[in-house]
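In the numbering used here, each number is its position in the sequence shown, counted from 1, plus 531. Below is one structure, written out as structure tokens; comments come after it.
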Amino acid sequence: MHGAKVLKARSSDWTPWTANWRAEQWRILRTRGKELLKPSNESLLKRHPFLLWRRDTQAPPPGLARTWLLSGGRGAGKTRAGAEWVRWAVLQAGYRRVALVGQTFSDVREVMIEGPSGLMATAARAADRPVWQPSRHRLEWENGAVAYAFSAEDPDGLRGPQFDLAWCDEAGAWTKGEAVWDNLQLALRLGPKPMAMVTTTPRATALIRRLKADASVVETRTAMAENAANLSPGFVGWMTAAYGGTAMGRQELDGEMIDDPEGAMFLRSQIDALRVTAAPLQLDDCIVAVDPCISAKPGADACGIVLAGIRDGHGYVLGDASAPGLSPLDWAHRAARLAEQAGASCIVAEANQGGDMVAEMLRMTGTGVPVRLVTARLGKRGRAGPVAALYQQGRVSHAGNFHTLEDQMCRFGTAEAAGSPDRVDALVWALWALMGEGQGPRVRVL
């Protein structure tokens, strides 16, 4: 191994990845034969045959974006695209220090490095095949470029080292995604144009949502069906028959991020479609609903406190003042203050937990807003059903963004739900009190 001159990153270094360059090489090959290729291009194709056989969705987007997000279904060729991108960067574009980040060290080695679509197996020439040094978690090319393996289970492992290139695989599965990503961004500080590529089947995690919302991130998408020629005969057909059209199929086969888990009663698409920047100035009524918490100990459930209003039969979610760690008197003051500021006609509070204590806490605040205690006759899912139907009918709008509440709503009733749905409970009480029909909660006015 020997050192090499560090080259400057130029857009022209990536010209062979453009559709026009590939089309021209195919035209020459098909009409005139490979002997009429330019010698420099023939040499490139011997070292990087993927340039000819790749799909458009496997090529880097124009402009050398700092971050390229390649979202794809299972078996769509994401890993191969990542390996070829890294190989080109270190052999042709002057990149010298690479971070390889997978969910675990084993994933990096077994998939990104030694896997059938990884950096070692797909090298077209033995001289271009890097050497893996497992004791150092390090890969080294003959020209002196090096890549280091990192586990997304250890975000702090990215403190200290620095890089000009990074390939992150299956970031949608990282359990500490944002912490890993933040540390990686601080480490991408070498060279004239540091870049990162993220290959993943997208999941609705905080990191993937963040990347998709970032205007500086360029995303391309590819589906399993596009790569059918490289998969077992009939496999795509079997998978499509089993999962096509389902949320799982859209995510795992088509590479689409599904924000709404299977079984969700509230859908993000419905919430977004009816969102408004502000509610009407004149409302027919507005109330504050409280799902009380009895304990203020660390890790205890939050107290759900939601403000909602109604105008001409249409409901509006106006505020979410829910918070964890509140004592009974603290949440009572918080709810009373919100009700007074909003001019609410009443405070609706669930009495299943705490009973008369709930009413007593609200009385102790000195608020003049009437209090209505409600006792649930149905379970949480049963209570939420009629309110979810209001969303499906287009009868509820969120006046602004309530990210924590909406995340909890879209997980409610699914396998991804965790902890008590305190904010959802308060929302349900508020909208049921304003808009509910049929069998409702038992109400006691104080």
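Where a beta carbon is used, it is the ideal one built from N, C-alpha and C, also for glycine.
Val711 and Leu601 closer than 8 Å at C-beta: On the sequence shown, residue 711 is found 180 positions in, with the first residue counted as 1. On the sequence shown, residue 601 is found 70 positions in, with the first residue counted as 1. No, the Cβ-Cβ distance between Val711 and Leu601 is not below 8 Å.
One or two residues paired with His845 in a DSSP bridge: Residue numbering aside, residue 845 sits at position 314 when the sequence shown is read from its first letter. Answer is Arg842.
Best match in Leu582, Arg781 and Val639 for proximity to Asn551 [C-alpha to C-alpha]: Numbered from 1 along the sequence shown, position 20 holds the residue referred to as residue 551. Cα-wise, what sits closest to Asn551 is Leu582.
Cross-strand partners of Gly603 (DSSP beta bridge): In the sequence shown, the residue the question calls residue 603 occupies position 72. Answer is Thr753, bridged to Gly603.
Extent of the continuous alpha helix (DSSP H) run through Cys941: Position 410 of the sequence shown, counted from the first residue, corresponds to residue 941. Unbroken alpha helix (DSSP H) run through Cys941: His934 to Arg942.
Sequence-distant residues of its chain with Cβ nearer than 7 Å to Ala809 (five each side left out): For the purposes of this step, residue 809 is taken as the residue at position 278 of the sequence shown. The answer, listed in chain order, is Ala930.
Distance, Asp785 Cα to Arg914 Cα: Looking up residue 914 in the sequence shown gives position 383. Looking up residue 785 in the sequence shown gives position 254. Straight-line Cα distance between these residues: approximately 35 Å.
Collapsed DSSP secondary structure at Leu631 in the structure displayed: Here residue 631 is taken as the residue at index 100 of the sequence shown, counted from 1. The answer is strand: DSSP assigns Leu631 an E or B state.
Expected contact under 8 Å - CB spacing of Thr610 and Glu757 to nearest Å: Here residue 610 refers to the residue found at position 79 when the sequence shown is read from its first residue. Here residue 757 refers to the residue found at position 226 when the sequence shown is read from its first residue. So it is not a contact: roughly 14 Å between Cβ atoms.
Rounded distance between the beta-carbons of Ala718 and Ala624, thought under 8 Å: Position 93 of the sequence shown, counting from 1, holds the residue named residue 624. Position 187 of the sequence shown, counting from 1, holds the residue named residue 718. Their Cβ separation, rounded to whole angstroms, is 19 Å, which puts Ala624 and Ala718 out of contact at 8 Å.
Coarse secondary structure for Arg894, derived from DSSP in three states: Indexing the sequence shown from 1 puts residue 894 at position 363. Residue state, collapsed to three classes: helix.
Cα-Cα separation, Leu962 to Asn932: Here residue 962 is taken as the residue at index 431 of the sequence shown, counted from 1. Here residue 932 is taken as the residue at index 401 of the sequence shown, counted from 1. Computed Cα separation, rounded: 17 Å.
Euclidean distance between Cα positions of Ala875 and Thr736: Looking up residue 875 in the sequence shown gives position 344. Looking up residue 736 in the sequence shown gives position 205. When rounded, the distance between both Cα atoms is 36 Å.
Rounded Cβ spacing between Arg781 and Leu814 (contact assumed at less than 8 Å): As a working note, residue 781 is residue 250 in the sequence shown. As a working note, residue 814 is residue 283 in the sequence shown. Contact doesn't hold; Cβ gap of about 38 Å is too wide.
C-beta atoms of Gly850 and Leu838 nearer than 8 Å: What you label residue 850 is simply residue 319 of the sequence shown in a count that begins at 1. What you label residue 838 is simply residue 307 of the sequence shown in a count that begins at 1. Against a cut-off of 8 Å, the Cβ pair of Leu838 and Gly850 comes out as a contact.
Residues near Gly925 by beta carbon distance below 7 Å, same chain, minus five either side: Here residue 925 corresponds to residue number 394 of the sequence shown, with the count starting at 1. If we look at Gly925 and ignore the five residues flanking it on each side, its Cβ neighbours are Leu805.
Buried or exposed (CB count within 10 angstroms, at least 16 for buried), Gln872: Taking the first residue of the sequence shown as 1, we reach residue 872 at position 341. Gln872 should be labelled exposed.
C-alpha gap between Leu904 and His934, whole angstroms: Here residue 904 refers to the residue found at position 373 of the sequence shown. Here residue 934 refers to the residue found at position 403 of the sequence shown. Each residue's Cα considered, the two are about 28 Å apart.
Beta-bridge partners of Tyr626, as assigned by DSSP: If you number the sequence shown from 1, residue 626 lands on position 95. For Tyr626, which the question treats as bridged, DSSP gives no partner whatsoever.
Segment contact flag, the segment 638-651 with the segment 765-780, C-beta cutoff 8 Å, min 3 pairs: no
Alpha-carbon spacing of Arg734 relative to Met788, whole angstroms: Indexing the sequence shown from 1 puts residue 734 at position 203. Indexing the sequence shown from 1 puts residue 788 at position 257. Distance between the alpha carbons of Arg734 and Met788: 5 Å.
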